[in-house]
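K.L.:
Chains as they are written, first to last, in the working numbering: chain A, 1 to 386; chain B, 387 to 520.
Backbone N, C-alpha and C fix where the C-beta goes; we use that ideal spot for every residue, glycine too.
A single structure is presented below for examination.
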Amino acid sequence: MRDVAIIGVGQTKVGEHWDVSLRHLALEAVQAAMTDAGVTRADALYVGNMLSGELAGQEHLGALVADFAGLRGIEAFKIEAACGSGAAALRMGYVAVAGGLADIVIVVGVEKMTDALGPDTTMALAMAADGDYEAAQGLSFVAINALLMRRYMHEYGYSHQDFAPFAVNAHHNAMNNPHAMFRFPVTAERFARAKMICDPINLLDSSPICDGAAAVVLAPADAARTLSAAPIRIVASAVGTDTLAVHDRRDPLVLEGAILSTRRAYEQAGVGPEDIDLFELHDAFSIMAALSLEAAGFADKGQGLRLALDGEIGIDGRIPVATMGGLKARGHPVGATGIYQVVEVVQQLRGLAGANQVPNARLGMAQNIGGSGATVITHILERMED
Amino acid sequence: MSVPRNWRLQQQRYCLVGEICEKCGAKIFPPRDVCPECEAPAQTPFAFSGRGEVYSYSTVYHPPRGFEEFVPYTVALVRLEEGPLVTAQLTDVDADQVRIGMPVEMVTRKVQGGGEEGAIVYGYKFRPAIRPTA
Numbered sequence: 001m002r003d004v005a006i007i008g009v010g011q012t013k014v015g016e017h018w019d020v021s022l023r024h025l026a027l028e029a030v031q032a033a034m035t036d037a038g039v040t041r042a043d044a045l046y047v048g049n050m051l052s053g054e055l056a057g058q059e060h061l062g063a064l065v066a067d068f069a070g071l072r073g074i075e076a077f078k079i080e081a082a083c084g085s086g087a088a089a090l091r092m093g094y095v096a097v098a099g100g101l102a103d104i105v106i107v108v109g110v111e112k113m114t115d116a117l118g119p120d121t122t123m124a125l126a127m128a129a130d131g132d133y134e135a136a137q138g139l140s141f142v143a144i145n146a147l148l149m150r151r152y153m154h155e156y157g158y159s160h161q162d163f164a165p166f167a168v169n170a171h172h173n174a175m176n177n178p179h180a181m182f183r184f185p186v187t188a189e190r191f192a193r194a195k196m197i198c199d200p201i202n203l204l205d206s207s208p209i210c211d212g213a214a215a216v217v218l219a220p221a222d223a224a225r226t227l228s229a230a231p232i233r234i235v236a237s238a239v240g241t242d243t244l245a246v247h248d249r250r251d252p253l254v255l256e257g258a259i260l261s262t263r264r265a266y267e268q269a270g271v272g273p274e275d276i277d278l279f280e281l282h283d284a285f286s287i288m289a290a291l292s293l294e295a296a297g298f299a300d301k302g303q304g305l306r307l308a309l310d311g312e313i314g315i316d317g318r319i320p321v322a323t324m325g326g327l328k329a330r331g332h333p334v335g336a337t338g339i340y341q342v343v344e345v346v347q348q349l350r351g352l353a354g355a356n357q358v359p360n361a362r363l364g365m366a367q368n369i370g371g372s373g374a375t376v377i378t379h380i381l382e383r384m385e386d
Numbered sequence: 387m388s389v390p391r392n393w394r395l396q397q398q399r400y401c402l403v404g405e406i407c408e409k410c411g412a413k414i415f416p417p418r419d420v421c422p423e424c425e426a427p428a429q430t431p432f433a434f435s436g437r438g439e440v441y442s443y444s445t446v447y448h449p450p451r452g453f454e455e456f457v458p459y460t461v462a463l464v465r466l467e468e469g470p471l472v473t474a475q476l477t478d479v480d481a482d483q484v485r486i487g488m489p490v491e492m493v494t495r496k497v498q499g500g501g502e503e504g505a506i507v508y509g510y511k512f513r514p515a516i517r518p519t520a
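Structure representation (structure tokens):
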């Protein structure tokens, strides 16, 4: 096994890109990452994407994006793991470079969600859940998260308003991210008044439907220094899985897949939660942020929300999350999200996060979740000291 | 939903038939042929009573394609009295009357309208318990 480094990153603005197609979104991110890395060729391209077949009528993205990115002929595949597709593609790129099968690998996450009508997007997103026993009963993906949120509030005695700090923090951080979709502040009062979309989940508990693409370029760490001025080492790449259906879990309020994924990542990196300087978590809904903090060892069961209420998730807090806006405010173009998270951790470790810079950030963690917790992919990145 | 896909699930949809593990006694729904508790093969059918209580619930206003005619509808996780959780819609009850812990029972209802293939999908929903227990 070889150490693997990220030598370049690129991203498009997240938003409603009516004038840009799926392939051109991917192309823009790939070109930005290749320019940042200073490479003109690659051995392989992995594309993280969930919904292109359903919403864009286009599968077979590996060869398509490789061709349009000027990389015709190289190995290329689409990787799918629902909303975890982006990090799943990075995982495969990592495996290829670590295993010595490829030297330069490009990983791009891309999603184009806004071309379709609401009910079609809702149906497509529900495919992350159990088709025969969750989606077939009429549950949207939001509804599945609403069931978790209601139970969490019931078991631990929280009010809905207690979840406000996640949205407030994410929107605050997104204001300084030029690539974020929602660059405006949200107050706790505004959270209280937000439109209910699937009780108890309101609009400000939820990440938006949007378009976007982000990309990274990977290389062996020992070569990275000559290729890049600021290489970032991937010190852990780990996956955990759980049941697709929430009803099949022993305790629906415990993300077993996330516990497995983070435990494996900590073991690979030889670190614990106390060593992590920032955590780009999967805040598709505020309940998932709370459950993720608990599964990753930053809080005891039922106390993830307490961490947010105590002001510990801000840039200066004990564990900064959503430092560039998170899924909530940067946006959640589902198959691209896992790469956006990693790009943002790289920005932090390079010291290029501007007003949102976590002081002295050395070790950052990104965790991308597919479905309601069935696939959880964790990467820990480290600044390579001179 | 395609006709064969629905037909394959008729024992589950109409009769709440799952499985029981002969080795450890775990009662399993939905059926999966391998016991999630002890990982032994488990293919012995077991019909659940259909009685349980609400574990959690929500109301859908923005439905997936195919469920528009039912909006708004209340969905729930139901803890069956034999142990498993089931994801299903609630029926015969207003959303603001639902509570966690509320006793419910299975009924057969229309779950999805005709769609392109014209077949109406029937299946389980849960309503507030009114049947006397045996």
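Just list the residues that DSSP pairs residue 406 of chain B with in beta bridges.
P.N.:
Answer is B/413, B/430, bridged to residue 406 of chain B.
K.L.:
Using a Cβ-Cβ cutoff of less than 6 Å, which residues in the same chain neighbour residue 116 of chain A once the five nearest sequence positions on both sides are dropped?
P.N.:
Correct list, in chain order: 55.
K.L.:
Please list the partners that residue 119 of chain A has in chain B, where partner means a Cβ-to-Cβ separation under 7 Å.
P.N.:
Result: 449, 450, 451, 454.
K.L.:
Check whether the Cβ of residue 241 of chain A lies closer than 8 Å to any Cβ atom in chain D.
P.N.:
Absent here is chain D; the protein component of the structure consists of chains A and B.
K.L.:
Compare the C-alpha of residue 179 of chain A against each of A/371, A/324, A/285, A/23 and name the closest.
P.N.:
Closest by alpha carbon: A/324.
K.L.:
Since residue 340 of chain A and residue 11 of chain A should fall inside the 8 Å C-beta cutoff, what is the C-beta to C-beta distance between them, to a whole number of angstroms?
P.N.:
Contact flag correct, Cβ pair sits at about 6 Å.
K.L.:
Roughly how many angstroms lie between the CA atoms of residue 113 of chain A and residue 107 of chain A, to the nearest whole one?
P.N.:
If you take the alpha carbons of residue 113 of chain A and residue 107 of chain A, they lie about 20 Å apart.
K.L.:
Less than 8 Å between C-beta atoms, sequence neighbours within five positions excluded: which residues of the same chain meet that for residue 190 of chain A?
P.N.:
So the list reads 204, once near-sequence residues are dropped.
K.L.:
Do we get a CB-CB distance below 8 Å when we pair residue 435 of chain B with the residues of chain A?
P.N.:
Output row for residue 435 of chain B: interface = no.
K.L.:
Residue 134 of chain A versus chain B: which residues are under 7 Å apart at the beta carbon?
P.N.:
Correct list: 473.
K.L.:
Taking all protein chains shown into account, do 16 or more other C-beta atoms lie within 10 angstroms of the C-beta of residue 274 of chain A, making it buried, or fewer, making it exposed?
P.N.:
Its Cβ having fewer than 16 others within 10 Å, residue 274 of chain A is exposed.
K.L.:
Measuring alpha carbon to alpha carbon, tell me which residue in A/50, A/226, A/187, A/283 is nearest residue 126 of chain A.
P.N.:
For the residues A/50, A/226, A/187, A/283, the minimum Cα distance to residue 126 of chain A belongs to A/50.
K.L.:
With H, G and I counted as helix, E and B as strand and the rest as coil, what does DSSP make of residue 60 of chain A?
P.N.:
In this structure, residue 60 of chain A counts as coil in the three-state DSSP scheme.
K.L.:
Could you tell me which chain B residues have their CB closer than 9 Å to the CB of residue 210 of chain A, listed as they occur along the chain?
P.N.:
Within chain B, no residue comes near residue 210 of chain A; the closest Cβ sits about 16 Å away, beyond 9 Å.
K.L.:
Going by DSSP in three states, residue 211 of chain A sits in which element: helix, strand or coil?
P.N.:
Strand.
K.L.:
Return the first residue and the last residue of the alpha helix (DSSP H) that residue 165 of chain A is part of.
P.N.:
From DSSP, the alpha helix (DSSP H) with residue 165 of chain A extends over 164 to 174.
K.L.:
Under DSSP, the beta strand (DSSP E) around residue 471 of chain B begins and ends at which residues?
P.N.:
Looking at the DSSP string, the run of the beta strand (DSSP E) that includes residue 471 of chain B is 471 to 475.
K.L.:
Write down the C-beta distance between residue 72 of chain A and residue 220 of chain A rounded to the nearest angstrom, noting that I regard them as a contact closer than 8 Å.
P.N.:
Not really, about 24 Å apart at Cβ, beyond 8 Å.
K.L.:
Return the residue from the list A/245, A/222, A/161, A/195 that minimises the CA-CA distance to residue 100 of chain A.
P.N.:
Nearest option by C-alpha distance: A/222.
K.L.:
Could you name the residues of chain A that residue 521 of chain B contacts, counting a contact when the two beta carbons are closer than 7 Å?
P.N.:
Any question about residue 521 of chain B goes unanswered here, given that chain B covers just 387 to 520.
K.L.:
Could you tell me how far apart the beta carbons of residue 109 of chain A and residue 93 of chain A are, in whole angstroms, since I believe they sit closer than 8 Å?
P.N.:
That belief does not hold up - the Cβ atoms of residue 109 of chain A and residue 93 of chain A are roughly 11 Å apart, past 8 Å.
K.L.:
Give the range of the alpha helix (DSSP H) segment to which residue 357 of chain A is assigned.
P.N.:
From DSSP, residue 357 of chain A is part of no alpha helix (DSSP H); its letter is neither H nor E.
K.L.:
Along the beta strand (DSSP E) that carries residue 445 of chain B, what are the first and last residues, could you check?
P.N.:
437 to 446 is the span of the beta strand (DSSP E), which, as asked, contains residue 445 of chain B.
K.L.:
Closest Cβ-Cβ distance between residue 489 of chain B and chain A: below 8 Å?
P.N.:
It does not: the Cβ of residue 489 of chain B has no partner Cβ on chain A nearer than 8 Å.
K.L.:
Compare the C-alpha of residue 390 of chain B against each of B/514, B/505, B/407 and name the closest.
P.N.:
Comparing Cα-Cα distances from residue 390 of chain B to each of B/514, B/505, B/407, the minimum goes to B/505.
K.L.:
Can you tell which of A/194, A/381, A/371 has the C-alpha that lies nearest to the C-alpha of residue 257 of chain A?
P.N.:
Here the closest residue by C-alpha is A/371.
K.L.:
Counting only beta-carbon separations shorter than 8 Å, does residue 388 of chain B have a partner in chain A?
P.N.:
It does not: the Cβ of residue 388 of chain B has no partner Cβ on chain A nearer than 8 Å.
K.L.:
Nearest to residue 305 of chain A by alpha carbon, out of A/7, A/155, A/194?
P.N.:
Among A/7, A/155, A/194, the Cα nearest to that of residue 305 of chain A is on A/155.
K.L.:
Closer than 8 Å by beta-carbon distance: list the chain B residues that pair up with residue 137 of chain A, in chain order.
P.N.:
Going along chain B in sequence order, the residues near residue 137 of chain A (Cβ under 8 Å) are 461, 473, 474, 475, 497, 509.
K.L.:
Just the Cα atoms here: how many angstroms apart are residue 477 of chain B and residue 70 of chain A?
P.N.:
Residue 477 of chain B and residue 70 of chain A: Cα-Cα distance of roughly 56 Å.
K.L.:
Based on DSSP bridge pairs, tell me the residues matched to residue 233 of chain A.
P.N.:
A/5, A/382.
K.L.:
Quick check on this structure: which residue in A/312, A/385, A/292, A/318 has the alpha carbon closest to the alpha carbon of residue 375 of chain A?
P.N.:
Here the closest residue by C-alpha is A/292.
K.L.:
Examine chain A for any beta-carbon lying closer than 8 Å to the beta-carbon of residue 494 of chain B, and answer yes or no.
P.N.:
Chain A, which has no Cβ nearer than 8 Å to the Cβ of residue 494 of chain B, makes this no.
K.L.:
What are the boundary residues of the alpha helix (DSSP H) that includes residue 287 of chain A?
P.N.:
Where residue 287 of chain A is concerned, the enclosing alpha helix (DSSP H) stretches over 286 to 295.
K.L.:
Could you tell me whether the stretch 326 to 344 of chain A touches the stretch 11 to 30 of chain A, using the rule of 3 or more Cβ pairs below 8 Å?
P.N.:
Taking 8 Å as the limit for Cβ pairs, the verdict is that the stretch 11 to 30 of chain A does touch the stretch 326 to 344 of chain A.
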